[in-house]
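Respectively, the protein sequence lines represent chains F and C. For the first sequence, our numbering assigns the number -16 to the initial residue and increments by one for each residue that follows. For the second sequence, our numbering assigns the number 2 to the initial residue and increments by one for each residue that follows. Below is one structure, written out as structure tokens, with a few remarks after it.
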Amino acid sequence: MWGLAAAVPLAFLGLFFALPVGSLVLRGFVADGGLDLGGFAEVFGRPRTWRIIGLTLAQATVGTAIAVLVGIPGAYLLYRCQFRGRAALRAFVIVPFVLPTVVVGVAFRSVLAPSGPLGFLDWDGTFAAVVAALVFFNYAVVVRTVGGFWAHLDPRAEQAARSLGAPPWRAFLTVTLPALTPAIASAASIVFLFCATAFGVVLVLGGTGYGTVETEIWVQTTQFLDLRAAAVLSVVQLVVVAVALGTAGRARARRERALQLGRPERVAHRRLALRGPERSAGDLLAVGVTAVVVVVLLALPLVTVLVRSFRTPTGWGLGNYVNLGTTGGSNALSVTVWEAGLNSLRIAVDATVMAVVVGGLVALVVSRRPRGRGTRRAVRALDAVFMLPLGVSAVTVGFGFLIALDRPLGLDVDLRTHPLLIPVAQAVVATPLVVRTVLPVLRAIDSRLHEAAAVLGASPGRVLRLVDWPIAARSLGLAVGLAFAVSLGEFGATSFLARPDRPTLPVVIFRLIGRPGAENLGMALAASVLLALVTASVMALTERLRAGAAGEF
Amino acid sequence: MTPQHPSPTDPSSTTSAGRGLAVRDLVVHYRDDDGTTATAVDGLSLEVEPGEVLGLLGPSGSGKSSLLRAVAGLEPASSGSITWDGADLAGVPVHRRGFGLMFQDGQLFPHRDVAANVAFGLEMAGEPRARRRERVTELLELVGLGGFADRAVSTLSGGERQRVALARSLAPRPRLLLLDEPLSALDRALRERLAAEVREALTTTGTTAVFVTHDHDEAFAVADRIAVMDLGHLLQVARPVDLWHRPASQRVAEFLGYEAFVPAGVLPGVEDDALVALGPGSLRLDPAGDLRGTVRSAGFRRGVVEVVVEVEGIGPVTVVEPSAPDRAVVGPGEQVRLTVDVDAVPRLG
Chain F
-16 MWGLAAAVPL AFLGLFFALP VGSLVLRGFV ADGGLDLGGF AEVFGRPRTW RIIGLTLAQA
44 TVGTAIAVLV GIPGAYLLYR CQFRGRAALR AFVIVPFVLP TVVVGVAFRS VLAPSGPLGF
104 LDWDGTFAAV VAALVFFNYA VVVRTVGGFW AHLDPRAEQA ARSLGAPPWR AFLTVTLPAL
164 TPAIASAASI VFLFCATAFG VVLVLGGTGY GTVETEIWVQ TTQFLDLRAA AVLSVVQLVV
224 VAVALGTAGR ARARRERALQ LGRPERVAHR RLALRGPERS AGDLLAVGVT AVVVVVLLAL
284 PLVTVLVRSF RTPTGWGLGN YVNLGTTGGS NALSVTVWEA GLNSLRIAVD ATVMAVVVGG
344 LVALVVSRRP RGRGTRRAVR ALDAVFMLPL GVSAVTVGFG FLIALDRPLG LDVDLRTHPL
404 LIPVAQAVVA TPLVVRTVLP VLRAIDSRLH EAAAVLGASP GRVLRLVDWP IAARSLGLAV
464 GLAFAVSLGE FGATSFLARP DRPTLPVVIF RLIGRPGAEN LGMALAASVL LALVTASVMA
524 LTERLRAGAA GEF
Chain C
2 MTPQHPSPTD PSSTTSAGRG LAVRDLVVHY RDDDGTTATA VDGLSLEVEP GEVLGLLGPS
62 GSGKSSLLRA VAGLEPASSG SITWDGADLA GVPVHRRGFG LMFQDGQLFP HRDVAANVAF
122 GLEMAGEPRA RRRERVTELL ELVGLGGFAD RAVSTLSGGE RQRVALARSL APRPRLLLLD
182 EPLSALDRAL RERLAAEVRE ALTTTGTTAV FVTHDHDEAF AVADRIAVMD LGHLLQVARP
242 VDLWHRPASQ RVAEFLGYEA FVPAGVLPGV EDDALVALGP GSLRLDPAGD LRGTVRSAGF
302 RRGVVEVVVE VEGIGPVTVV EPSAPDRAVV GPGEQVRLTV DVDAVPRLG
């Protein structure tokens, strides 16, 4: 039975992940039936390549550093302190993370455009704009990962330092911060990964001449038709991702260990001390930083998109929303935006079902702790294998599909035109998120709880049904919502695979902002608001399941 | 399975062969997460008769828990056999053994309330709902938690959790109940009270049980017989009173709390070369006594004064004296004389 449970995801990811990515890598190394590194030499000979790799690393490093710096005060405020409106603020902070990348790109553009509220900064199309958008996305990752850990940290260690004579800032630097390091490292490596593989945001926000490895793969494929260069760049991206994933994995293991070591029953939250004799400079700083981030970085772009979506060429009104029933100015699109939205929903349902089945099975298999040394190793290997798609960029997956699924494995079928192709690609992208949501919950179940059930007469199947299932069901529900939201906003892989007559909402938005005309821009803004509302509502519904579940994102 | 080591005793010659639990020449390897193995139980043989409560006493790391897990079927035996009423249990999976197991920290199912936890084993056995409810009420009464049926387990205190765990283990009427340090996580006052209650619950239900502990007072309070285990071997199996007064070896005596081991000839009025053990209760303060010593420390403990005396020719021994309001307590450095209570000085070996 366990064999089957492992075989289904292995087959799925083998066919739809390993095969496409493998063929891609192969294309970089092999030409005319022989090993040929000429492609590498040629691509690395271009100064453009080095500039792009440099930009990718710089963008990821700076984005990660800022996200961590502003995220730590946020984690403290939202997970360690008590104040009115905390629950609402926690819910708001997660919104950017689940917003479709294209929507975020559109939002930042409307803020930074010369006519926008921050137009005076003159950041439109610059490195700074891209980094700001990346911090916008990943702030929640840092706040939640570090905050979730911080909430469980025993405050008595810091209290002991205080009673030994350390002022608050020293107690924080010498006791609390080192204790938080595993969580910070874990968050930083995940954020680095997300920043290095960002696609939609960079494509929309980066000006001409700006590019990362990710966008360059897309440019080489769709504009220069240089598949070889794209394959070489995909290999470069794989290396970056593998390094970041390795770091993330080690950090995560450390964090899980640290959490197991001291999990206090209930940590009392402290009240904020902003006034009076108890006033704390640390609290003031945390509130100040978080207020600026929440208002300027998170809220301003969202509000701007919303407001602008009501501005039409003829004045304020619902004109842009009415236009969603058309194909845009000078027929920019081949279907109406509503039809594209319907496509998106259908695709997201299919993708979610696949991702949850595959991801759920992976989490189940990997959470087992078998006795035999061989099977134990096998489970550990599976764990590593199944995590690969987490880091591999969506663009690589989409591009891989294009070149590998034309008569895969010698079969005489062209999967590239199959209607399930986009759902499958999105499921590959969403599966690791499902695993990361469900697996920690399954892993946290004490193996002695299984033993207690077995000793009371429950067969292995009943242990699974009566112990694991009731405990993990909530996290699976959360995973459903997460997969659905990710799939709705997926742009990287979909942009390669969507056919002109069946585009998804993000693809339509991207196409609209690329076309001239105030009418098209207005429609793009209205469609963005719509997409953001749907994704945010899905997440708001599933967030209710999170209470008690300790997933990773 | 055939034992790897020749058995020192022929199994067929033992009187209780075939009734209750019999462990023969059992070897259990413990496998750590990093893949290293160690021998946790090393050729051990043991019997538990029906209705008997056996205390399994030993320091941590002595292999007690591994033995218990092997009997429950949670740990495979490398060699040797485990039988119940003469039937070999090799190959019988955990859930078909009909044994109960109670963990140190209860391991209650967090998603079920108290009643549903207690009912779990009955559900597995396919008991009808009405019968289940009746039995749950009965057991919650037995462990002193009547009225707790609808409580969430997260609202229970440590002691209440262990009571629920005990009720849950007893509910399906296991042929044998294995208790793995069930009271170790509780504070002392609660531990002492619960030990007595566990003893009562086991005897009223007539349950055969193996009670693992590293606390000899707890073992004395709960068990009919006590098996002392160290480094995977069984050192001695005896009734509590016999164990205390006739420990088989210095190791057993040390573990029970005896402090000094000297040839009997050292003691006044004894002509013998056997090794004897002295511990709390072996010596009394007596101005006319033959032994001299220097008081090292004196402490007051629940109605008695414990005086540690450095006895000449013997070493430090604890002397327990009843405390009285008008009697002066001896202080450190004071010279005292002591007399031996010969009945409280066991000979070893």
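Beta carbons are placed, not taken as given, at the ideal position from N, Cα and C, and that holds for glycine. Computed from a predicted structure; not experimentally measured.
Query: Please determine, among V114(F), V85(F), D107(F), A71(F), the residue with the shortest C-alpha to C-alpha distance to G46(F).; Result: V114(F)
Query: Using a Cβ cut-off of 7 Å, pull out every chain C residue sitting near R431(F), in sequence order please.; Result: F104, Q108
Query: Please identify the residue among I454(F), R419(F), L216(F) whose C-alpha is closest to the C-alpha of V339(F).; Result: R419(F)
Query: Between P333(C) and chain F, is the shortest Cβ-Cβ distance under 9 Å, so that the two count as touching?; Result: no
Query: Count Cβ pairs between the segment 24 to 31 of chain C and the segment 39 to 59 of chain C that sit closer than 8 Å; are there 3 or more?; Result: yes
Query: Between the Cα of I108(F) and the Cα atoms of P372(F), P443(F), V94(F), R67(F), which residue gives the shortest distance?; Result: The identity of residue 108(F) in the sequence shown is Gly, whereas the question assumes Ile. Measuring from the Cα of G108(F), the nearest candidate turns out to be V94(F).
Query: Within the continuous alpha helix (DSSP H) that includes A48(F), where are the two ends?; Result: 30 to 63
Query: Measure the Cβ-Cβ separation of A441(F) and L449(F) and say whether it is below 9 Å.; Result: yes
Query: The segment 116 to 149 of chain C: which residues have C-beta closer than 7 Å to a C-beta of chain F, in chain order?; Result: F121, G122, M125, A126
Query: Could you tell me whether the Cβ of V95(C) comes closer than 9 Å to any Cβ of chain A?; Result: Within the model displayed, chain A is absent; protein chains F and C are what it includes.
Query: In chain order, what are the residue ranges of uninterrupted alpha helix (DSSP H) at least 4 long that sit wholly in the segment 61 to 88 of chain F?; Result: 69 to 81
Query: So, are the CB atoms of P3(F) and L516(F) less than 9 Å apart?; Result: no
Query: Taking beta-carbon pairs under 7 Å, can you tell me which members of the segment 53 to 82 of chain C lie near chain F?; Result: A73, L75
Query: Does any CB atom of chain F fall closer than 9 Å to the CB of H234(C)?; Result: no
Query: Based on the DSSP output, what are the partners of D114(C) in its beta bridges?; Result: A153(C)
Query: Hey, is F212(C)'s beta-carbon within less than 9 Å of any beta-carbon in chain F?; Result: no
Query: Under 9 Å Cβ-Cβ, which residues of chain F neighbour H30(C)?; Result: Here the premise fails: no neighbours, minimum Cβ distance about 11 Å.
Query: Can you tell me whether DSSP reads D89(C) as helix, strand or coil?; Result: strand
Query: Return the bridge partner residues of A239(C) from the DSSP annotation.; Result: I227(C)
Query: Is any beta-carbon of chain F found at less than 9 Å from that of P173(C)?; Result: yes
Query: Where in the segment 430 to 457 of chain F do unbroken runs of the alpha helix (DSSP H), each at least 4 residues long, occur, reported from the N-terminal end onward?; Result: 430 to 438, 443 to 446
Query: Is there at least one Cβ from chain C nearer than 9 Å to I454(F)'s Cβ?; Result: yes
Query: Apart from the five residues on each side of it in sequence, which residues of its chain come closer than 7 Å, Cβ to Cβ, to V242(C)?; Result: none
Query: Please classify P56(F): is it buried, with 16 or more other beta-carbons within 10 angstroms of its beta-carbon, or exposed?; Result: buried
Query: Please state whether the Cβ-Cβ distance between G308(F) and T319(F) is less than 9 Å.; Result: yes
Query: Verify the CB distance criterion: does V174(F) have a CB-CB separation below 9 Å to chain C?; Result: no
Query: Less than 9 Å between the C-beta atoms of A410(F) and V341(F), yes or no?; Result: yes
Query: Would you list, in sequence order, the uninterrupted alpha helix (DSSP H) runs of no fewer than 4 residues that lie entirely inside the segment 330 to 375 of chain F?; Result: 356 to 374
Query: A441(F) touches chain C at which residues, Cβ-Cβ below 7 Å?; Result: H96, M125
Query: Is there a Cβ of chain C sitting closer than 9 Å to that of L425(F), yes or no?; Result: no
Query: Would you call the CB atoms of A140(F) and A162(F) closer than 9 Å?; Result: yes
Query: Going straight from the alpha carbon of V296(C) to that of L171(C), what length do you get?; Result: 49 Å
Query: Shortest alpha-carbon distance to V306(C) belongs to which of S324(C), E255(C), D26(C)?; Result: S324(C)
Query: So, under 8 Å CB-CB, S376(F) and G475(F) are touching, yes? Tell me the CB distance rounded to an integer number of Å.; Result: 6 Å
Query: Can you list, in chain order, the residues of its chain whose CB lies under 8 Å from that of V154(C), leaving out five sequence neighbours each side?; Result: L109, F110, P111, R113, D114, V115, N118, R162, V165
Query: Does P183(C) come within less than 9 Å of chain F when only Cβ atoms are used?; Result: no
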